[in-house]
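S.K.: Below: one structure in structure tokens.
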Amino acid sequence: ASKVAIVDYDVHHGNGTQWMFYDDPRILYVSTHQYPFYPGTGATVDIGRDAGEGRTLNVPLAAGATDADYELVFTRLILPALRAFSPDLLLISAGYDAHERDPLAGMQVTTEGYRAMTRHLRVIADEVCGGRLAFVTEGGYDLQAFDECLDSTIAVLRDSPIGDAPSFKGSTDRAEAVIEDIISLHRAHWPSGVW
26 ASKVAIVDYD VHHGNGTQWM FYDDPRILYV STHQYPFYPG TGATVDIGRD AGEGRTLNVP
86 LAAGATDADY ELVFTRLILP ALRAFSPDLL LISAGYDAHE RDPLAGMQVT TEGYRAMTRH
146 LRVIADEVCG GRLAFVTEGG YDLQAFDECL DSTIAVLRDS PIGDAPSFKG STDRAEAVIE
206 DIISLHRAHW PSGVW
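Using this note's numbering, the letters of the sequence shown map in sequence onto residues 26 to 220.
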């Protein structure tokens, strides 16, 4: 593959993955993560360097982020970026530790929220890279929640037809502010009209 996109929705920022590809224009790295939180990296201003500038999209979300926040982040930011980047392969760092029952962090994503993220990623992979999509499991410290999320991920990847997208209610004010910040930092590095 000449261009690869990595979407990392583990609750922790993927600092190792980010730094590995920080100056590589062939890799788009997108991370949604609780912030501030361990390892303390992943600020919006970390966008890549040299030829890779603009190819790192950090989406730091405050503790308490919900399905509605993640849905907005995916529809307004991540999916348009994936569509514009048009990778040959989409890799997912599938951490289920942003689940509302996970004891380690403070996010409020439900199993249905993870199902929605998987659905979005499957649809965009079908659209931009012929369905070439791979998931690698990462964190998840409530074993029942991890099992539910993994089952829902597999079900979405296996099911055909894929089904309708869910609708999430609730305030997204925090996510909206982060999205606007990211777009303003990245606008110069992407074709006009992406966002």
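Backbone N, C-alpha and C fix where the C-beta goes; we use that ideal spot for every residue, glycine too.
The model shown is predicted, which means the values in this text are computed figures rather than measured ones.
For the candidate residues Ala76, Asp94 and Asp75, whose alpha-carbon lies nearest to that of valine 84?
M.R.: If we check each option's Cα against that of valine 84, Asp94 comes out closest.
S.K.: Run the CB neighbour count on valine 55, radius 10 Å, all protein chains shown included, and call it buried at 16 or more, exposed below.
M.R.: Buried.
S.K.: Quick one: give me the first and last residue of the beta strand (DSSP E) that alanine 159 is part of.
M.R.: Looking at the DSSP string, the run of the beta strand (DSSP E) that includes alanine 159 is 158-162.
S.K.: Rounded to the nearest angstrom, what separates glycine 41 and aspartate 33 at their Cα positions?
M.R.: Glycine 41 and aspartate 33: Cα-Cα distance of roughly 12 Å.
S.K.: Is valine 6 helix, strand or coil when you go by DSSP?
M.R.: There is no way to answer for residue 6, as the model of the chain reaches only from 26 to 220.
S.K.: Pick out whichever of Asp206, Thr162 and Leu86 has its Cα sitting closest to the Cα of aspartate 176.
M.R.: Comparing Cα-Cα distances from aspartate 176 to each of Asp206, Thr162 and Leu86, the minimum goes to Thr162.
S.K.: Report the option in Arg212, Glu205 and Arg199 whose CA atom is closest to the CA atom of tyrosine 60.
M.R.: Of the listed residues, the one whose Cα sits closest to tyrosine 60 is Arg199.
S.K.: Going by alpha carbons, who is nearest to aspartate 122 out of Gln43, Asp75 and Ala130?
M.R.: It is Ala130 whose Cα lies nearest to the Cα of aspartate 122.
S.K.: Please name the residue, chosen from Gly164, Arg101, Cys174 and Asp151, that lies closest to aspartate 206 on a Cα-to-Cα basis.
M.R.: Of Gly164, Arg101, Cys174 and Asp151, the residue nearest in Cα terms is Arg101.
S.K.: Do the CB positions of arginine 147 and glycine 156 come within less than 9 Å of each other?
M.R.: Cβ distance < 9 Å, so arginine 147 and glycine 156 count as in contact.
S.K.: Can you tell me whether leucine 63 is buried or exposed, with buried defined as 16 or more other CB within 10 angstroms of its CB?
M.R.: A quick correction: the sequence has tyrosine, not leucine, at residue 63. Answer is exposed; the Cβ neighbour count stays below 16.
S.K.: Return the first residue and the last residue of the beta strand (DSSP E) that isoleucine 72 is part of.
M.R.: Where isoleucine 72 is concerned, there is no enclosing beta strand (DSSP E), given that its DSSP letter is neither H nor E.
S.K.: What does a CB cutoff of less than 7 Å around glutamate 137 pick up in its chain, not counting 5 residues either side in sequence?
M.R.: Excluding residues within five positions, the ones whose Cβ falls inside 7 Å are Asp92 and Pro191.
S.K.: Quickly, what does DSSP pair glutamine 59 with across the bridge? List them, please.
M.R.: Bridge partners of glutamine 59: Leu86.
S.K.: Mind checking which residues open and close the alpha helix (DSSP H) that includes aspartate 94?
M.R.: Per DSSP, aspartate 94 belongs to the alpha helix (DSSP H) from 92-98.
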